[in-house]
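Undergrad: Using the UniProt record's numbering, the first residue of the sequence shown is number 1, and each one after it goes up by one. Cβ atoms here follow ideal geometry from the backbone N, Cα and C, with glycine treated the same way. Encoded as structure tokens, here's the structure I'll be asking about.
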Amino acid sequence: MSETVRRYFDAFNAADVDAMLDCLSDDVAHHVNEGRVRRGKEKFAAFCEHMNRCYKENLTDMVVFEAEGGTRASAEYVVNGTYLATDDGLPEANRQTYRLPAGSFFDLENGKITRVTTYYNLADWVRQVSDG
Numbered sequence: 001m002s003e004t005v006r007r008y009f010d011a012f013n014a015a016d017v018d019a020m021l022d023c024l025s026d027d028v029a030h031h032v033n034e035g036r037v038r039r040g041k042e043k044f045a046a047f048c049e050h051m052n053r054c055y056k057e058n059l060t061d062m063v064v065f066e067a068e069g070g071t072r073a074s075a076e077y078v079v080n081g082t083y084l085a086t087d088d089g090l091p092e093a094n095r096q097t098y099r100l101p102a103g104s105f106f107d108l109e110n111g112k113i114t115r116v117t118t119y120y121n122l123a124d125w126v127r128q129v130s131d132g
């Protein structure tokens, strides 16, 4: 199942939301860092649209782990980004760049991702875009 997670991240780096959606179950639970759980592909797509408007990101130094049985996986990586448009409640965007360690956790079933949970240090991100 880690191949599904790798396809998901390859699609992320290509900014190919449709390919990301193809990796997800219809009722995917998307646990956003510092946010509410969003359920379903439609809400995931809306989240991606918002993110692509405000941020340009590429993930590097990717390490994917898979639990025995293939029903769970995780990944650790570095987010290399540019802050494009001011996001509500966050510092003003002025094309600041940032580099941030992050991780994601997944539940998988029948070759599809049923849960995505992503974590990163928001205070570190705010410091980077405020300083730069």
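Would you mind reading off the limits of the beta strand (DSSP E) that contains residue 95?
TA: Per DSSP, residue 95 belongs to no beta strand (DSSP E) and is neither H nor E.
Undergrad: So the candidates are 11, 80, 21; which of them puts its Cα closest to the Cα of residue 96?
TA: The option with the nearest alpha carbon to residue 96 is 80.
Undergrad: Looking only at its chain, what residues have a beta carbon closer than 6 Å to the beta carbon of residue 115, apart from the 5 residues adjacent to it on each side?
TA: The answer, listed in chain order, is 29, 107.
Undergrad: Is it the case that the region 8–15 contacts the region 49–63, given that we only count it when at least three CB pairs across the two stretches are under 8 Å?
TA: The answer is yes - the region 8–15 touches the region 49–63, with three or more Cβ pairs under 8 Å.
Undergrad: By a C-beta neighbour count over all protein chains shown, 10 Å radius and 16 as the cutoff for buried, is residue 73 buried or exposed?
TA: Per the 10 Å Cβ criterion, buried.
Undergrad: Using beta-carbon positions only, say whether residue 21 and residue 112 come within less than 8 Å of one another.
TA: For residue 21 and residue 112, no; Cβs fall outside 8 Å.
Undergrad: Excluding sequence positions up to five away, which residues of its chain have a Cβ less than 7 Å from the Cβ of residue 62?
TA: Taken in chain order, the residues that qualify are 9, 75, 77.
Undergrad: May I ask you to check if the CB of residue 10 is nearer than 7 Å to at least one heavy atom of the ligand COA?
TA: The ligand COA is not among the ligands present in this structure, which contains no ligands whatsoever.
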